[in-house]
Every structure is written in C-alpha cells, then in structure tokens.
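A.B. asks: I have a structure here, written as structure tokens, and I will follow up with some questions on it.
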C-alpha cells in the first residue's frame with residue numbers, strides 16, 4: 001500500500017492481486033473491521049487461529065482496595081529489583097575505588113571476602129525480585145482467561161496433494177527408469193561421504209607401533225628420584241614408610257605412567273613377603289618398588305596403610321597387598337601393581353634394573369600380546 | 001491508489017503506523033497473531049523443560065564470558081598470579097588462566113561459579129523434565145521424535161559436563177581425565193585406537209585440553225542449539241499435552257494464550273532462574289580449583305568425585321566386581337568396560353527406545369495428547385521407580401568412601417552394601433510402587449462409587465451406625481455413584497467440592513470483608529442448589545467427548 005505508485009521500469013505486470021489472493025481479507029472488508037471493537041477483533045483473530053476464549057475473569061476493579069494493594073506490591077518488587085541491581089553495580093565498580101580492594105587473594109580483608117557473596121546476593125536479588133514482580137503482575141493485575149485451542153490432526157487433503165507433487169517430481173526425473181543415473185548417483189554419494197570424512201584420518205595414530213602403552217621412562221641404571229629431584233639411598237626411609245619416586249630423566253616427575261612407590265618393608269612384613277613368581281629378586285633388601293598407577297582406572301594409588309600392608313586407590317577403592325606382590329585383595333581392580341626391579345648403583349643410590357616388565361596402568365584389550 | 005490515511009481502520013497512532021510500515025515489508029502480522037494466540041496449558045510441571053532451557057542460556061552467556069580469559073593450552077608455565085600459595089608453581093597455561101579468572105579478573109570467580117551452577121542446574125532440569133514426560137506418558141505417539149531428541153540432548157549435556165569439568169586442568173579434573181582415558185582404553189579392539197585418536201597418543205599428551213575445549217565451546221553447544229530448536233519447533237507444531245480435566249479432550253488445548261499471561265509467567269520464571277543461579281554463584285562456593293593444585297599424574301586427593309550427573313558411573317565402577325574376561329589368544333575384556341561403557345550405553349539405549357518398547361508391548365499405537373496419571377499405568381510407573389532406584393543407588397555408591405568416612409562404616413562393607421543393594425532394591429521398588437499404584441486406583445474408584453467420606457457418623461433407627469458419604473454425582477437405588485473414572489484427580493475431601501467457605505484473602509490482615517465473602521458463598525450455594533437437579537457433578541473431570549486416555553498397559557480391574 002504505498003502512497004506513491006509510479007514505478008519506472010516495472011510497467012510490465014498489472015498491479016492487481018491474482019485470483020488466489022485473499023483469505024480472510026475477502027470475508028471482512030476494512031469497513032467491517034473498522035466498525036468492530038478491539039475486544040471483538042481480538043476474539044475474531046483468535047477464532048481464526050482455532051482459539052476460543054471460554055471465560056475471562058477480569059482483573060481487580062480499577063481503584064479498588066485489592067488493585068491498589070496489588071499495584072503497591074508489584075511496584076515495590078520492581079523497585080527492589082532495581083535497587084539490588086544498583087547495589088550490584090556499586091559493589092562491582094566501587095571496590096578499589098571508594099570501597100576497599102576486592103582482591104581477596106592478596107588483601108584478605110573482610111570486604112574482599114564479602115565481594116563475591118555480595119555480587120551473588122545483589123544480582124540474585126535483582127533477578128529474583130524482577131521475576132517475582134512479573135509473576136505477581138500476571139497473577140494479580142491481569143485478567144485471567146481460559147482459552148481453548150483446537151488441535152488438528154494431519155490433513156488428508158494436504159497429504160494427497162503434497163504426495164502428488166513429490167511423486168510427480170520423482171516421475172519427471174525418471175530416476176526409476178534411468179538405472180544408470182541412480183547407480184552413478186549412489187556411487188557418487190558414497191564416494192563423497194568417504195572423501196569428506198577422510199581428513200579425520202589425520203587423527204589416527206597406531207597405538208601398537210613401538211608399544212607406547214607398555215613402556216615408561218624407566219630403564220637400566222636410571223636413578224630413583226624424589227619429587228624434588230634428590231636421589232635416594234637405602235636407609236633414607238623409615239621401615240614401613242612409602243615414598244613416591246620418579247625416573248631421573250628430564251620431566252620424569254610429570255610422566256603419566258612412571259610414578260613409582262618405593263616402600264621399605266618392616267621386618268615382619270619382609271618375613272611375610274610373598275612376591276610374584278619370577279619376581280623374587282626385584283626388590284632390594286627390605287625395599288620393594290611398585291607402580292603407583294592403578295591397574296583399574298589409572299589413578300595414583302596413594303593411601304598406604306602400613307598396619308595391614310594395604311595400598312588403597314582413592315578413586316574406586318581397589319586395595320593391593322604389598323606383601324603379596326601388590327595383588328588386588330578388594331575392589332574392582334583385577335591385576336597386581338607392576339613391580340619395578342631395583343638395585344643400587346656404584347654411588348649407593350637406588351637405580352632401576354630395567355623398565356617395568358609389563359604395561360603399567362589400566363588394562364586394555366591386547367595388553368598381554370605386545 | 002488512494003492514500004491510506006483515509007482508509008477505514010488505518011492506524012492513526014505513531015506506533016500503529018510504524019507497525020504497518022513494518023508489516024508492509026515483512027508480512028508478519030498473521031504469524032505473529034497466531035503465535036500470540038497460541039494456547040499453553042497451565043501446570044507447574046510443564047515449566048521444568050523451560051528451566052533447562054534457561055539454565056542453558058545462562059551457561060551459554062557465562063561460558064562466553066569465560067572464553068575471553070581462558071587459555072586452553074597445556075604448555076607448562078610458572079604461576080605468577082595473585083594467589084600466594086601457588087605462586088612460582090609450574091602448571092599448565094589452562095590452569096594458570098583458570099586461576100587468573102578466579103583471582104585477577106574482577107567478578108571472574110562469580111562468572112565461573114555461575115557457569116558451573118548453571119551447568120549443574122541444566123542437567124538436573126533435563127532429568128526432572130524427562131521424569132515428568134516419562135511418568136505421565138507424554139512420550140507416546142506422536143511425540144516419540146521429541147523424546148529421542150531429548151535423550152540425545154541429555155547425553156550431549158553429560159558430554160558438555162565432562163569436557164567442561166576437564167578444562168581447568170586442576171588435580172581433580174586431571175584425575176577425572178585419567179579415568180576417562182582408562183574407560184576409553186577398556187573398550188575392546190577399538191579402545192586403544194580411539195584413545196590415540198582423541199588424546200593424540202598415550203595419556204596425557206599436550207592436545208587433549210585444546211580438543212576438549214573446542215568440543216565444549218563449539219561442537220557440542222552447536223549441536224545442542226540445533227536440537228533445542230528442533231525440539232521446540234516440534235513442540236509448537238504438535239502442541240502441548242495436557243492433563244485430563246473438564247473440557248479437555250484429545251483434540252484441544254485448554255489454558256492461557258501466549259500473550260500476555262503465559263509470556264508473563266515464562267519470563268518471570270526465566271528471571272527467577274537467573275536469580276537463583278546468580279545467588280548460588282555468589283553465595284555458594286563450587287569447585288575451588290585453587291585448593292586442588294595443578295594436575296600431577298602421581299597425585300590424587302581422597303574423595304575425588306565427579307559432578308553429580310556422572311556420579312552413577314563412578315558408583316557402578318566402584319561396586320563392580322574384579323572380573324576381567326580373558327579370551328583365547330591373550331585378549332582381555334577389562335572389568336572397567338562393563339560398569340562404564342556397557343552400563344551407560346545400555347541405560348541410554350533403553351531410555352531412548354522406551355517409547356517404542358512400550359508401544360510394542362501394549363500394542364497402543366494411537367495418538368495421545370491427554371496425559372496419564374502415574375497411578376493409572378502401574379507397570380510403567382513401577383519400571384520408572386525401579387530405574388530411578390537403580391540410578392540413585394549407583395549415585396550413592398559413587399560417594400561410598402565419603403559415607404564410610406562420615407558415618408564411620410567400613411569402606412569394604414559400603415562396597416558390599418552397594419553390590420547387594422543394586423540387585424535387591426530395584427525389584428523391591430518395583431513391587432512397592434505397583435502396590436501403591438493399585439491402592440491409589442482403587443481408592444479413586446471407591447470415592448467415585450461411594451462418595452467422599454464426610455466424617456459424619458449417623459445412627460440409624462435400628463441402632464446401626466454409618467458414616468455418611470457425599471456422592472459426587474447421581475446415585476442408583478443402591479446409593480452407588482454412576483461416575484466413570486476419567487483419568488483426572490478425584491476429589492477426596494469435602495473441601496475439594498466446596499464443603500467449606502473459601503479462605504478470606506489477605507496475608508496478615510483481611511483485605512476483604514468476611515461478611516461479604518459469607519454472603520457471596522451463600523449466593524453461590526443457592527445457585528448450586530438450584531442447579532442440583534440438572535447438574536452432574538463431574539469433579540472427576542471426565543472428558544466430555546470420549547477423550548479418555550488409553551489404558552496403555554494398565555491391567556483392567558473387573559469392577560461392576
């Protein structure tokens with residue numbers, strides 16, 4: 001409905017709507033609509049959308065005590081939300097300006113300890129009050145109506161006509177007859193699919209090449225170092241104690257599989273010690289060294305109860321008995337902790353005699369094969 | 001053409017003119033009217049899905065803020081931020097930037113905690129929403145597609161949680177990552193390959209934080225956003241389900257129009273959700289990463305627990321027996337495979353396929369838009385409670401070390417309690433729920449037949465004492481009610497059918513005159529009495545035109 005209808009260059013078509021144009025605009029002239037009240041227009045539109053307003057419970061009477069009260073409530077709630085939002089701003093921007101510094105890690109004042117809770121309090125209050133105000137508004141001041149909307153099932157007419165259009169297209173394409181086209185399209189689709197996922201091949205790495213899962217940085221003659229990098233001599237540890245040790249290679253204390261527990265057994269533990277078959281010589285004197293990486297899910301088994309000789313994994317509560325070759329005695333773990341063969345070098349420091357003879361850490365499907 | 005200014009009904013206000021200009025260009029008046037007129041049923045349980053949506057919005061907004069500061073890199077750097085106890089410590093750039101977010105960015109800790117709380121609320125709201133859908137049968141035809149999308153979104157939200165939990169690279173998240181790595185490795189045949197593809201080698205490598213980061217901030221949210229859009233479009237297209245009640249049928253929706261009532265309430269709920277999450281973010285500390293320290297494969301803290309929604313997998317892993325399966329040829333199926341990959345896979349597969357399974361078993365292939373009360377479908381309800389018992393028992397088992405510590409119970413005993421309970425408790429839950437459902441059903445029918453217990457005892461002329469029952473509708477010569485159960489709540493107290501005067505409005509002081517209320521009630525009562533002869537008390541809410549919900553799987557009790 002433009003007011004200015006000269007259209008240079010578009011004189012070709014007539015400016016009249018086609019025969020299928022119309023809909024409700026044909027049923028109701030602008031004059032008819034202009035004569036209807038706003039409420040009637042609302043109901044009319046609703047009826048066109050399949051909605052019937054069954055019942056309207058008007059809001060509180062204008063000027064009544066109920067209305068004034070509700071308006072007061074809603075108004076104060078919104079005002080409270082605004083105040084809380086401003087207080088948030090004051091705390092956020094004012095800290096370190098006219099309020100004490102907010103940074104609690106360095107300052108450690110009462111205000112800095114209150115900074116984050118206050119932000120939460122005021123933002124929480126602001127949002128909650130705004131929401132409560134809106135709900136109160138809807139419940140107490142708006143008319144309550146009960147409306148019914150019709151739910152339509154699928155239309156048979158639509159199905160049949162859409163089907164005809166689709167089948168017509170398929171028929172015209174002739175794909176059912178032209179078998180060569182169908183096959184070449186299928187072939188092209190499959191090839192395209194493969195081509196598009198092929199670049200993901202860059203992510204693939206062979207887990208069996210060089211046995212990365214089965215090897216650690218331990219090797220013959222590699223010293224056992226504490227986390228702070230100092231080597232260990234026999235006698236440094238109290239009987240019954242445990243120390244976590246790492247291989248003496250660069251970054252050894254951050255290797256994910258190399259962490260090892262060096263345990264000095266008490267005399268009675270030593271007497272009861274039943275190492276795994278073929279690994280009787282892996283210890284050195286009253287010292288034994290076991291992998292710290294749980295054979296269940298890979299957590300560091302850290303809790304050593306020397307009274308019972310048990311090592312507990314805090315993740316899933318697997319328990320290993322140090323005097324039985326670190327065999328799992330309770331919980332979900334199935335394999336013993338691998339034992340590191342140790343000895344002492346010329347200078348009297350602990351060294352590994354070789355790498356672990358089996359893969360450390362969680363079990364995987366072909367672990368026994370590589 | 002004539003000038004529009006004189007046309008009848010043409011807008012005269014500025015706003016009206018602007019709207020006309022707008023509609024001239026975009027032709028939106030029709031769709032907008034249809035949208036504003038859309039009717040939404042009014043029930044609190046229909047808001048649960050909305051809470052999930054709002055929590056997602058909060059997570060999206062706060063998460064975007066976090067990306068301005070977070071550095072998803074595993075390069076080792078010495079920490080030089082504000083937090084004294086860790087200054088000088090070598091840590092990954094990811095952890096250092098997460099610490100900076102908490103200590104050096106004004107309000108950064110607030111946003112980080114808001115993100116975490118929103119994520120927890122997101123999953124929780126999805127789960128509660130799912131339970132509502134399940135127990136009321138809202139997943140039945142034609143809504144199976146939305147059920148499937150919902151389950152996929154639940155799985156995605158768990159993946160979002162797991163990847164997000166890993167990002168700060170502190171000791172707790174690193175421990176979680178180690179377990180994820182072990183779970184991947186435990187999958188037969190493809191496990192090692194999948195691990196090397198995802199981690200770019202053996203655990204832990206230098207890529208994983210960056211890869212999880214892009215999955216967490218781009219891939220998963222993008223899929224989730226798309227699915228949310230489809231979920232909502234289907235919802236709008238299929239229209240909402242509703243509980244049976246007066247005037248409600250399979251072919252209509254009774255409630256409020258979108259504008260203004262529903263929009264007002266929904267926006268109110270959005271604001272309250274924002275409010276609750278912001279309050280939690282400021283007032284309730286969550287995941288204080290500075291206390292855990294940087295990740296170190298050789299360190300762990302006791303009571304390392306995942307976020308609540310992964311707790312059930314932690315629990316199943318803790319109580320699963322040490323059963324490696326050794327196959328010929330030195331192949332192994334690790335014990336870890338069953339309680340993690342298989343349990344989670346089976347749970348979500350059954351969940352996703354449940355609508356199809358139920359349809360197959362009950363043979364109910366009809367379209368349903370009226371919801372069922374859980375008591376009316378005892379088999380489904382009992383199955384649901386059984387599954388919930390299983391789930392929550394596993395979740396509890398995920399904290400068995402904490403329970404053992406706090407209640408001074410042996411840790412090994414807790415493991416065994418978990419093992420026995422997970423087998424024994426679900427069937428008990430099933431049986432109990434089934435009996436409760438049948439009892440509730442019977443009580444409904446009893447009230448429909450004999451009326452509401454009034455508590456009035458009357459002595460008959462021959463000396464017998466009876467309790468007077470208030471029938472809900474017309475009775476036959478034996479005094480038995482004629483109302484059929486319609487799937488809606490049956491009034492069980494006199495007050496439910498107007499036995500007492502309504503309460504006078506006002507919280508501390510009455511804001512209306514008690515005398516006026518009394519008069520109003522008397523007037524209503526007279527009208528009620530006048531209409532009593534023709535009126536059928538359909539307090540049971542029998543749908544008027546045969547819109548009775550199907551008996552989907554409910555055993556038909558042979559009552560006369």
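Protein chains in written order, with the numbering used here: chain A, 1 to 370; chain B, 1 to 560.
Glycine included, each C-beta is placed from N, C-alpha and C at the ideal position.
Count the other C-beta atoms from every protein chain shown that fall within 10 angstroms of the C-beta of residue 38/A, then say buried if there are 16 or more, exposed otherwise.
C.D. replies: On the first chain, position 38 is the one that residue 38/A refers to. It is exposed - the Cβ of residue 38/A has fewer than 16 other Cβ atoms within 10 Å.
A.B. asks: For residue 469/B, which residues in the same chain have their Cβ closer than 7 Å to its Cβ, ignoring the five residues on either side in sequence?
C.D. replies: Position 469 of the second chain, counted from the start, is the residue given in the question as residue 469/B. These residues qualify, in order along the chain: 450, 451, 452, 453, 454.
A.B. asks: Thinking C-alpha only, which one of 14/B, 169/B, 147/B is nearest residue 77/B?
C.D. replies: The sequence position of residue 77/B within the second chain is 77, counting from 1. Comparing Cα-Cα distances from residue 77/B to each of 14/B, 169/B, 147/B, the minimum goes to 169/B.
A.B. asks: Please report whether the beta-carbon of residue 239/B lies at a distance below 8 Å from any beta-carbon of chain A.
C.D. replies: As a first step, residue 239/B is located in the second chain; it is residue number 239 there, counting from the start. Closer than 8 Å to some Cβ of chain A, the Cβ of residue 239/B qualifies, so yes.
A.B. asks: May I ask you to report which of helix, strand or coil DSSP gives residue 369/B?
C.D. replies: Along the second chain, read from residue 1 onward, the residue named residue 369/B stands at position 369. In this structure, residue 369/B counts as coil in the three-state DSSP scheme.
A.B. asks: Under a CB-based cut-off of 8 Å, is residue 39/B close to chain C?
C.D. replies: Structure shown: chain C not included; protein chains present are A and B.
A.B. asks: Output, in sequence order along the chain, the residues in the region 310 to 328 of chain A whose CB is closer than 9 Å to any CB in chain B.
C.D. replies: The residues in question are 312, 313, 314, 315, 316, 317, 318, 319, 328.
A.B. asks: In chain order, what residues of the same chain have a beta carbon less than 7 Å from the beta carbon of residue 272/A, not counting five sequence neighbours either side?
C.D. replies: To locate residue 272/A, count along the first chain from 1; it is residue 272. The residues are 323.
A.B. asks: Measure from the C-beta of residue 296/B to each C-beta in chain A and report whether the shortest distance is under 8 Å.
C.D. replies: One-based indexing of the second chain puts residue 296/B at position 296. At least one chain A Cβ lies under 8 Å of residue 296/B.
A.B. asks: So for residue 352/A, helix, strand or coil by DSSP?
C.D. replies: For the purposes of this step, residue 352/A is taken as residue 352 along the first chain, with counting starting at 1. The answer is strand: DSSP assigns residue 352/A an E or B state.
A.B. asks: Please report whether the beta-carbon of residue 179/A lies at a distance below 8 Å from any beta-carbon of chain B.
C.D. replies: In the first chain, counting from the first residue as 1, residue 179/A sits at position 179. It does not: the Cβ of residue 179/A has no partner Cβ on chain B nearer than 8 Å.
A.B. asks: Taking C-alpha atoms, which residue in 369/A, 362/A, 233/A lies nearest to residue 342/A?
C.D. replies: Residue 342/A sits at position 342 when you count from the first residue of the first chain. Taking only the C-alpha atoms, the option nearest residue 342/A is 233/A.
A.B. asks: Within 10 angstroms of the Cβ of residue 589/B, are there 16 or more other Cβ atoms? Answer buried if so, exposed if not.
C.D. replies: Residue 589/B lies beyond the residue range present for chain B, which begins at 1 and ends at 560; the question has no answer from this structure.
A.B. asks: Any C-beta of chain B sitting closer than 8 Å to the C-beta of residue 296/A?
C.D. replies: Start at 1 with the first residue of the first chain, and residue 296/A comes out as number 296. So, interface residue.
A.B. asks: Checking contacts by CB at 8 Å: is residue 162/B closer than that to chain A?
C.D. replies: Along the second chain, read from residue 1 onward, the residue named residue 162/B stands at position 162. Not closer than 8 Å to any Cβ of chain A, the Cβ of residue 162/B fails to qualify, so no.
A.B. asks: Within its chain, find whatever has a CB closer than 6 Å to the CB of residue 72/B; leave out the 5 residues flanking it on each side and keep chain order.
C.D. replies: Counting from 1 along the second chain, the entry for residue 72/B is found at position 72. Cβ neighbours of residue 72/B beyond the five flanking positions: 94, 209, 210, 213.
A.B. asks: Put residue 178/A into one of helix, strand or coil per three-state DSSP.
C.D. replies: Mapped onto the first chain, residue 178/A falls at position 178. Note: residue 178/A maps to coil in three-state DSSP.
A.B. asks: Could you tell me whether the Cβ of residue 351/A comes closer than 8 Å to any Cβ of chain B?
C.D. replies: As a working note, residue 351/A is residue 351 in the first chain. No - not a single Cβ of chain B is within 8 Å of the one on residue 351/A.
A.B. asks: Could you spell out where the alpha helix (DSSP H) holding residue 276/B opens and where it closes?
C.D. replies: As a first step, residue 276/B is located in the second chain; it is residue number 276 there, counting from the start. 263 to 283 is the extent of the alpha helix (DSSP H) around residue 276/B.
A.B. asks: Cβ atoms of residue 255/A and residue 217/A: under 8 Å apart, would you say?
C.D. replies: Reading the first chain from its first residue, position 217 is the one you call residue 217/A. Reading the first chain from its first residue, position 255 is the one you call residue 255/A. Closer than 8 Å, so yes.
A.B. asks: Anything in the region 402 to 416 of chain B with a Cβ closer than 7 Å to a Cβ of chain A? List those residues in chain order, please.
C.D. replies: Cβ contacts with chain A come from 411, 412, 415.
A.B. asks: With distance defined between alpha-carbon atoms, name the residue in 128/A, 207/A, 164/A, 301/A nearest to residue 280/B.
C.D. replies: Start at 1 with the first residue of the second chain, and residue 280/B comes out as number 280. Among 128/A, 207/A, 164/A, 301/A, the Cα nearest to that of residue 280/B belongs to 128/A.
A.B. asks: Would you call the CB atoms of residue 103/B and residue 116/A closer than 8 Å?
C.D. replies: As a working mapping, residue 103/B is identified with position 103 in the second chain. As a working mapping, residue 116/A is identified with position 116 in the first chain. Their beta carbons are not under 8 Å apart, which means residue 103/B does not touch residue 116/A by this criterion.
A.B. asks: Kindly provide the ranges of any alpha helix (DSSP H) runs that are 4 or more residues long and lie completely inside the region 308 to 347 of chain B, ordered along the chain.
C.D. replies: Listed in chain order, the complete alpha helix (DSSP H) runs (minimum 4 residues) inside the region 308 to 347 of chain B are 311 to 319.
A.B. asks: So which of 130/A, 247/A, 345/A has the shortest CA-CA distance to residue 83/A?
C.D. replies: Position 83 of the first chain holds residue 83/A. That would be 130/A, whose Cα lies nearest to the Cα of residue 83/A.
A.B. asks: Return the bridge partner residues of residue 290/A from the DSSP annotation.
C.D. replies: Translated into the one-based positions of the first chain, residue 290/A becomes position 290. DSSP, once it has assigned bridges, lists 261/A, 339/A as partnering residue 290/A.
A.B. asks: When you compare only the Cα positions, how much space is there between residue 353/A and residue 153/B?
C.D. replies: As a first step, residue 353/A must be located in the first chain, where it is residue number 353. As a first step, residue 153/B must be located in the second chain, where it is residue number 153. When rounded, the distance between both Cα atoms is 52 Å.
A.B. asks: Starting from residue 297/A, trace the beta strand (DSSP E) in both directions and tell me its first and last residue.
C.D. replies: For this step, residue 297/A is matched to residue 297 along the first chain. No beta strand (DSSP E) holds residue 297/A; DSSP gives it neither H nor E.
A.B. asks: Does any C-beta atom of chain A lie closer than 8 Å to the C-beta of residue 15/B?
C.D. replies: Taking the second chain and counting its residues from 1, one reaches residue 15/B at position 15. So no, residue 15/B is outside the interface.
A.B. asks: Could you give the DSSP three-state label for residue 455/B: helix, strand or coil?
C.D. replies: For this step, residue 455/B is matched to residue 455 along the second chain. Strand, per DSSP.
A.B. asks: Between residue 318/B and residue 400/B, is the Cβ-Cβ spacing less than 8 Å?
C.D. replies: Taking the first residue of the second chain as 1, we reach residue 318/B at position 318. Taking the first residue of the second chain as 1, we reach residue 400/B at position 400. The answer is yes: Cβ separation under 8 Å.
A.B. asks: So, for residue 88/B: in the same chain, excluding its five sequence neighbours on each side, which residues have a beta-carbon less than 7 Å away from its beta-carbon?
C.D. replies: Looking up residue 88/B in the second chain gives position 88. Correct list, in chain order: 78, 79.
A.B. asks: What in chain A is Cβ-close to residue 144/B, meaning under 9 Å?
C.D. replies: Working through the second chain from its first residue, we reach residue 144/B at position 144. Within 9 Å Cβ-Cβ: nothing; residue 144/B doesn't reach chain A, min ~16 Å.
A.B. asks: Going straight from the alpha carbon of residue 25/A to that of residue 40/A, what length do you get?
C.D. replies: Numbered from 1 along the first chain, position 25 holds the residue referred to as residue 25/A. Numbered from 1 along the first chain, position 40 holds the residue referred to as residue 40/A. For residue 25/A and residue 40/A, the distance between alpha carbons rounds to 16 Å.
A.B. asks: Assuming residue 303/A and residue 311/A make a contact with CB atoms under 8 Å, what is their CB distance in whole Å?
C.D. replies: To locate residue 303/A, count along the first chain from 1; it is residue 303. To locate residue 311/A, count along the first chain from 1; it is residue 311. The Cβ separation is near 7 Å, so the contact holds.
A.B. asks: Less than 8 Å between CB atoms is the rule here; does residue 33/B satisfy it with respect to chain A?
C.D. replies: Your numbering for residue 33/B matches position 33 in the second chain. Judged by the 8 Å Cβ criterion, residue 33/B is in contact with chain A.
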